[in-house]
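This report refers to the structure that appears directly beneath it.
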Amino acid sequence: MKKALFILFVMMFAVGIAAAQQLTGDILGPHNVNGHGCSSCHAPHTGAAGNLGTNTASGENYLWGRDFYATTYTLFDGPTLVVTNAGAFAETDTAFHTAACLSCHDGNQTQVQGMTGLTVETIEGGSVTTYLNDGTESLKNDHPVHTAYNPTTTYNWPGTVGADGVITWTVTADVTEFQNNYGRPVRFYASTSGPDGVGSYVECSTCHNPHSVNYNRSTYKGVAKTVKPTNFFVRGWYNTDNPNSNSGQQFCRSCHYSKSNEYVQHYGITTQ
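In this note's numbering, the protein residues as written are 21 to 292.
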C-alpha cells in the first residue's frame, strides 16, 4: 500500500513538473516586448499616431499602433502582396492579417524585440530574418499567404465556398474522423474581393495566434473551449515538448488533407 502511494505521489509530482515547464510566464511570451505588452502593437486611442507613426488611419483596424512598411512582397510561387502606409485597410481586405504581422516581423522591430534564430522567439537581444535588408522583400521561401483555400481540389479538405467566402465543410467519413480526433483550429478570413476572388483566405494569423505563445483554446475531439499546449504562437494543439506527440502534424493537416491519416483511410490514430 505504501509503495503504491509512493508511486502515485511520484507520478503526480512528475505531472506537476511537466505542467510547470509548459508555462513559465505570461502567455503573451516574447510579444510582451520588454514589458510593454498590448501597447506594443495596439494604441487604444490614436492608432499608429499614438506611437509616433505617420498613418493616423491605421487605428481603424484593431486599433493597430504601428505604421505599415510600404512595399511589395513577392509571395510563394510568384504572386505579390502590395502593402501601403496610406489609410486603413478595408474590412474586406484580409491582407491586414499578414501586413500587421509584417509591420514588426519585416525587420522594423524584431531585431531589437528579443528574438533569436530564424523561427524561434527566445532570447533577449536576438534577431530574426528581415525582409528589408536583402533588397528583395521576398516571402517566396515562406508558407503561402494572402491566398484562398480551395476546398474543391483533391488535396484539400472537401467543402463549398459560399457567396460570402465562408467555407462549409462537406460531411464525409474522413472529415468527421479528423475533426472528432483533432479539430480544425486554423482561422480563415472570408472575403468577397480578394486576389483569388470570393473565398476564405490564408494569412499569417490563420496559423498563428499572436496573443498566446504556448496555450491554445479551441474545439478538440468534439469538446469546445478545450485548452491544449502549443508553441511558437501556433493557433492549435502543437506540443513540441512531448516527443511522442503527433499534434504538430495534426495541426498542419487541418488544411493539408492529402497528408492526413484519413486521406489513406488509416483510421483510429489518436492525437496525443
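We put the beta carbon where it would ideally sit given N, CA and C, even for glycine.
Counting along the chain, the unbroken alpha helix (DSSP H) around Ala119 starts and ends at Phe116 to His125. In the three-state reduction of the DSSP assignment, Thr92 falls in the strand class.
Using a 10 angstroms sphere on the CB of Pro64, the tally of other CB atoms stays under 16, which defines it as exposed.
Shown here for Arg273: same chain residues with a beta carbon closer than 6 Å to its own, the five before and five after excluded, namely Lys279 and Ser280 in chain order. With contacts defined as CB atoms closer than 7 Å, Ser238 and Gly185 fail to qualify as a contacting pair. DSSP, reduced to helix, strand and coil, places Lys241 outside both helices and strands of the structure shown, so it counts as coil. Glu282 is the residue among Gly217, Glu282 and Ser59 whose C-alpha sits nearest the C-alpha of Thr192. In the assembly as shown, Asp261 is an exposed residue. Its beta-carbon has fewer than 16 other beta-carbons within 10 Å. The three-state reading of DSSP puts Lys160 in coil, since its state is none of H, G, I, E or B.
In the DSSP assignment, Ser211 falls within the beta strand (DSSP E) that extends over Tyr209 to Gly214. Excluding sequence positions up to five before and after Asp194, its CB lies within less than 6 Å of the CB of Glu282, all in the same chain and listed in chain order. In this structure, the alpha-carbon of Ala120 lies about 13 Å from that of His166. Going by DSSP, Thr196 is part of the alpha helix (DSSP H) stretching over Ala193 to Asn201. Sixteen is the threshold: since fewer than 16 other Cβ atoms of the shown chains lie within 10 Å of the Cβ of His56, the residue is exposed. Here the alpha carbons of Thr250 and Tyr89 stand approximately 30 Å from one another.
Classified as buried, Asn236 has 16 or more neighbouring CB atoms from the shown chains inside 10 Å of its CB. In the DSSP assignment, Thr188 falls within the beta strand (DSSP E) that extends over Ile187 to Trp189.
The three-state reading of DSSP puts Pro50 in helix, counting H, G and I together.
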